[in-house]
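Trainee: Once you've had a glance at the structure underneath, I'll fire off some questions.
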Amino acid sequence: EAQVTQNPRYLITVTGKKLTVTCSQNMNHEYMSWYRQDPGLGLRQIYYSMNVEVTDKGDVPEGYKVSRKEKRNFPLILESPSPNQTSLYFCASSPPLLAGGRYNEQFFGPGTRLTVL
Amino acid sequence: DAKTTQPNSMESNEEEPVHLPCNHSTISGTDYIHWYRQLPSQGPEYVIHGLTSNVNNRMASLAIAEDRKSSTLILHRATLRDAAVYYCLVPNAGGTSYGKLTFGQGTILTVHP
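For the record, the sequence lines run as chains A and B.
Residues in the first sequence are numbered consecutively from 29, following our numbering.
Residues in the second sequence are numbered consecutively from 3, following our numbering.
Next comes the structure, spelled out in structure tokens:
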């Protein structure tokens, strides 16, 4: 089944304890992206990756790192989590962005609910 | 991305048509208009996209104004399962921010039985 998986689905941690949220897709998609969702603020992009070893900042990259060493995986790293990073996180993937400005359909994972105490 | 403006919320009755508007007055000539929706407790899902002509698929129709400064997502017969947050996106077709996507807050659609 074609899907985007995220792990863990739920995580409660403490301030300053490094954590990684994994994202994996089995559709051989080039484009992957991370978003966070907060009440009243909607869905905001953290980082995106156009392909392996190519990553760029979205709208809210502060406090996050990403890596794209292989096509299927795009982990989100919080080196020193803080309470303001408590949020619902979504990973998404899509085929390559097409010529002429057309974006392919993005497939989203089920979300990871993170609480930083 | 072109800035988009959507109403915060809308309501509909079951089996009635729903017209969800989106304004994107700064859209450029090659920008596509995309719609996603997010059902409760789920990640967003793609609904439809278009450039200039009206578009139809099994989920919805997309009506694009002639000047492309606005569009309307049309659910022909709303069901309770259509209750969701609907997002209109107009990502940049190129330039330094190509790949960057802005979802905004979307429109919360409530469907009454």
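From the three backbone atoms N, C-alpha and C, an ideal C-beta is built for every residue, glycine too.
Considering only DSSP beta bridges, list what G45(B) is partnered with.
Mentor: Your numbering for residue 45(B) matches position 43 in the second sequence. The partner list for G45(B) (beta bridge, DSSP) is empty, contrary to what the question assumes.
Trainee: Using the DSSP secondary-structure output, state which residues sit across from M12(B) in a beta bridge.
Mentor: Residue 12(B) sits at position 10 when you count from the first residue of the second sequence. Paired residues: L111(B).
Trainee: Does the distance from the CB of S52(A) to the CB of T33(A) come in under 7 Å?
Mentor: Here residue 52(A) refers to the residue found at position 24 of the first sequence. Here residue 33(A) refers to the residue found at position 5 of the first sequence. Result yes, Cβ atoms of S52(A) and T33(A) sit closer than 7 Å.
Trainee: Taking all protein chains shown into account, decide if T32(B) is buried (16 or more other Cβ within 10 angstroms of its Cβ) or exposed.
Mentor: Position 30 of the second sequence holds residue 32(B). Result: exposed.
Trainee: Quick one: measure Cβ to Cβ for M78(A) and F135(A), integer angstroms, because I've assumed they're closer than 8 Å.
Mentor: Here residue 78(A) corresponds to residue number 50 of the first sequence, with the count starting at 1. Here residue 135(A) corresponds to residue number 107 of the first sequence, with the count starting at 1. Not a contact, Cβ separation roughly 16 Å.
Trainee: Look at L116(A) and Q65(A) and say whether their C-beta atoms are less than 7 Å apart.
Mentor: Here residue 116(A) corresponds to residue number 88 of the first sequence, with the count starting at 1. Here residue 65(A) corresponds to residue number 37 of the first sequence, with the count starting at 1. It is a contact, given that the beta carbons lie within the stated cut-off.
Trainee: Just to confirm, is the Cβ distance from L91(B) to V113(B) under 7 Å?
Mentor: As a position in the second sequence, residue 91(B) is number 89, starting the count at 1. As a position in the second sequence, residue 113(B) is number 111, starting the count at 1. Taking 7 Å as the Cβ cut-off, L91(B) and V113(B) do not qualify as a contacting pair.
Trainee: Less than 8 Å between C-beta atoms, sequence neighbours within five positions excluded: which residues of the same chain meet that for E81(A)?
Mentor: As a first step, residue 81(A) is located in the first sequence; it is residue number 53 there, counting from the start. These residues qualify, in order along the chain: R96 and K97.
Trainee: Within 10 Å of its beta-carbon, does R39(B) have 16 or more other beta-carbons around it, so buried, or fewer, so exposed?
Mentor: The sequence position of residue 39(B) within the second sequence is 37, counting from 1. Buried, because 16 or more other Cβ atoms sit within 10 Å of the Cβ of R39(B).
Trainee: Would a check of beta-carbon distances place Q8(B) closer than 7 Å to chain A?
Mentor: By one-based count along the second sequence, residue 8(B) stands at place 6. Judged by the 7 Å Cβ criterion, Q8(B) is not in contact with chain A.
Trainee: With 7 Å set as the bound, which would you pick, yes or no: does the beta-carbon of Y48(B) sit closer than that to a beta-carbon of chain A?
Mentor: Along the second sequence, read from residue 1 onward, the residue named residue 48(B) stands at position 46. It does; some Cβ of chain A falls within 7 Å.
Trainee: Using the beta-carbon count (16 or more within 10 Å), is S108(A) buried or exposed?
Mentor: Counted from its first residue, the first sequence places residue 108(A) at position 80. S108(A) is exposed by the Cβ-count criterion.
Trainee: Any idea if G44(A) is buried or exposed, counting beta-carbon neighbours within 10 angstroms, 16 or more meaning buried?
Mentor: As a position in the first sequence, residue 44(A) is number 16, starting the count at 1. Exposed is the call here.
Trainee: Quick one: what's got a C-beta closer than 6 Å to N35(A)'s C-beta in the same chain, skipping five residues either side?
Mentor: As a working note, residue 35(A) is residue 7 in the first sequence. The answer, listed in chain order, is T50.
Trainee: Use the C-beta contact count for D84(B): other C-beta atoms within 10 angstroms, 16 or more gives buried, fewer gives exposed.
Mentor: As a position in the second sequence, residue 84(B) is number 82, starting the count at 1. It counts as buried.
Trainee: Measure the CB-CB distance between T109(B) and P42(B) and report whether it falls below 7 Å.
Mentor: Along the second sequence, read from residue 1 onward, the residue named residue 109(B) stands at position 107. Along the second sequence, read from residue 1 onward, the residue named residue 42(B) stands at position 40. Going by C-beta atoms, T109(B) is not nearer than 7 Å to P42(B).
Trainee: Alpha carbon to alpha carbon, how far is E29(A) from K46(A)? Give it in angstroms, no decimals.
Mentor: Here residue 46(A) is taken as the residue at index 18 of the first sequence, counted from 1. Here residue 29(A) is taken as the residue at index 1 of the first sequence, counted from 1. K46(A) and E29(A) have their alpha carbons spaced roughly 32 Å apart.
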